[in-house]
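See below for the structure under consideration.
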DNA sequence: CATCAATTAAAACGTTTGTTTAAGAGCTGA
DNA sequence: TCAGCTCTTAAACAAACGTTTTAATTGATG
């Protein structure tokens, strides 16, 4: 087993277990025994548990933001500012790009949800410093497509949209199971994104009552 | 110090610390030293850490659902099915009711977010079994106010709405700090709810493209 | 084949965790 | 006043945690 094997086996196991249980609830012993490697391998290859967590996110977020940036470049050169298209860029191009590389987009959203809600200060700092530029660029193009919306209102709605997206997609399997039981209706991720995009657009473009 | 004092001091400390750090990241020793009581008091009065977590939620959710049920009763007797009013019931009556009883609605939303995202199976079961009826009743009235929306679409949008609400309100302080820095605009919870309600309405009533 | 660095392995480290125990204190009612 | 119950206290428990150490093993290079 080469070094690269060991590192990837650890990342694979950690990614699945973190998404299932959270960071604190997943011990290094569970990760290493699932991966079939020695306990000390984590500290040897990654340094610490914190750095392993960051590495798991790096493996997800780097291709994701690369896909997103490519799409934002394409859009910028064409000066298109269609709102629904922009969300489709986020939802389809970036997520489908992940899927094409063999990474589960649902697991990605689940991890992203954890990054927001589990109070891991180091992780938030890591993500902001590493991927904050792409996020601000996307938010900027989104804001440009909504010139009629007051900036403060826009940013609140951006967080509403993020919440709706991260929350529902990170709990996708649970919600899907409930709907399947109650309505016998199977839902795919693509189908859910096709529901989410127009709902998000409606929320972003709602008449601004100008609270405050 | 009476027994009731000890119990309440523990609940007060646990509520704040859980909301700040999460369940696993908060030790019983931190809770009891913050509360100024003996370590063993938690196991004596509550039985275990899990039951303490449930007790914290019970103290929040019981008055919240009571307020909500009262409002739903009032609406049912009047046969009003105005969508925006219904959300205002949830947002203002229930949350403002909490505030009137001295309980911080922001902390409540933060805890509710944790309940969804931190994988505490026992807590989810506790909440569903105890407060599921009120939730289904609210969802039912909301569904009745949207007769034109396909049931499966409705339920997905319900989760989108829950996500937007829980996510943005549970991170209220963090978001507010960012907006204050970037725009110098202070945001109150009431103001944010006044932004959230119409955004949620717009999302729920968006044209149903009928995905699937 | 011998050498040397990189990697793996097993074991132990010191902390921290939730929980339990056993003794003490404080109050109540007879 | 004293028995009896409730509650608090201090101490200890075993288990689990992340990390470190030291030795064995591997694989490439001279």
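Chains as they are written, first to last, in our numbering: chain S, 1 to 212; chain C, 213 to 424.
The beta carbon of each residue, even a glycine, is placed where N, CA and C say it ideally should be.
*chain S contacts made by the region 230-253 of chain C, where a contact means CB separation under 8 Å*: 232, 233, 234, 236, 237
*asked:* Is the separation between the beta-carbon of residue 349 (chain C) and that of residue 408 (chain C) shorter than 8 Å?
replied: no
*Got a sec, what are the start and stop residues for the alpha helix (DSSP H) residue 236 (chain C) sits in?*
Where residue 236 (chain C) is concerned, there is no enclosing alpha helix (DSSP H), given that its DSSP letter is neither H nor E.
*How would you list, in chain order, the residues of chain C whose beta-carbon sits under 7 Å from the beta-carbon of residue 113 (chain S)?*
329
*Output yes or no for whether 8 Å exceeds the beta carbon distance between residue 160 (chain S) and residue 389 (chain C).*
no
*In the structure shown, what three-state DSSP assignment does residue 309 (chain C) receive?*
helix
_residue 415 (chain C): contacting residues in chain S (beta-carbon distance under 7 Å)_ = 199, 202, 203
*How about residue 159 (chain S): is its C-beta nearer than 8 Å to some C-beta of chain C?*
yes
*Please confirm if residue 209 (chain S) has its CB atom under 8 Å from at least one CB of chain C.*
yes
*asked:* I'd like to check one pair, residue 269 (chain C) with residue 327 (chain C): are the Cβ atoms closer than 8 Å?
replied: yes
*Around the C-beta of residue 312 (chain C), are 16 or more other C-beta atoms found within 10 angstroms, so that it is buried, or is it exposed?*
exposed
*The alpha helix (DSSP H) spanning residue 88 (chain S) covers which residue range?*
83-88
*Give the residues from the region 340-373 of chain C that approach chain S closer than 8 Å (Cβ to any Cβ), ordered along the chain.*
363, 364, 365, 367, 368, 369, 371, 372, 373
_Ranges of the alpha helix (DSSP H) found wholly within the region 162-194 of chain S, counting only runs of at least 4_ = 172-183
*Quick one: list the residues of chain S neighbouring residue 311 (chain C), beta-carbon separation under 7 Å, in chain order.*
Within chain S, no residue comes near residue 311 (chain C); the closest Cβ sits about 18 Å away, beyond 7 Å.
*Helix, strand or coil for residue 134 (chain S) per DSSP?*
helix
_Assuming the contact rule is C-beta atoms closer than 8 Å, residue 18 (chain S) and residue 106 (chain S) should be a hit. Round their C-beta distance to whole Å, please._
Incorrect: roughly 14 Å between the Cβ atoms, too far for contact.
_Partner residues on chain C for residue 206 (chain S), Cβ-Cβ distance less than 7 Å_ = 410, 411, 414
*State the DSSP-derived secondary structure class of residue 150 (chain S), mapped to helix, strand or coil.*
coil
*asked:* With the cut-off set at 8 Å, would you say residue 62 (chain S) and residue 146 (chain S) are in Cβ contact?
replied: no
_Expected contact under 8 Å - CB spacing of residue 353 (chain C) and residue 287 (chain C) to nearest Å_ = 7 Å
*Please work out which residues of its chain come closer than 6 Å, Cβ to Cβ, to residue 228 (chain C), disregarding the five sequence neighbours upstream and downstream, and give them in chain order.*
none
*What separation, rounded to the nearest whole angstrom, lies between the Cα atoms of residue 251 (chain C) and residue 221 (chain C)?*
13 Å
*From which residue to which residue does the alpha helix (DSSP H) around residue 289 (chain C) run?*
261-290
*State the DSSP-derived secondary structure class of residue 249 (chain C), mapped to helix, strand or coil.*
coil
*Going along chain S, which residues have a C-beta under 7 Å from residue 404 (chain C)?*
156
_Close beta carbons around residue 323 (chain C), own chain, < 6 Å, minus the five adjacent residues each side_ = 231
*Flag this pair as touching only if the region 40-49 of chain S and the region 22-32 of chain S have three or more C-beta atom pairs under 8 Å; answer yes or no.*
yes
*Tell me whether residue 418 (chain C) sits in a helix, a strand or coil according to DSSP, three-state version.*
coil
*The alpha helix (DSSP H) spanning residue 113 (chain S) covers which residue range?*
105-117
*asked:* Does the CB of residue 308 (chain C) have a neighbour CB from chain S at under 8 Å?
replied: no
*Buried or exposed: where does residue 183 (chain S) fall if 16 or more other Cβ atoms within 10 Å of its Cβ makes it buried?*
exposed
*Name the residue from S:54, S:67, S:103, S:187 whose alpha carbon lies nearest to the alpha carbon of residue 130 (chain S).*
S:54
*Report the rounded CA-to-CA distance for residue 124 (chain S) versus residue 382 (chain C), giving the unit in angstroms.*
16 Å
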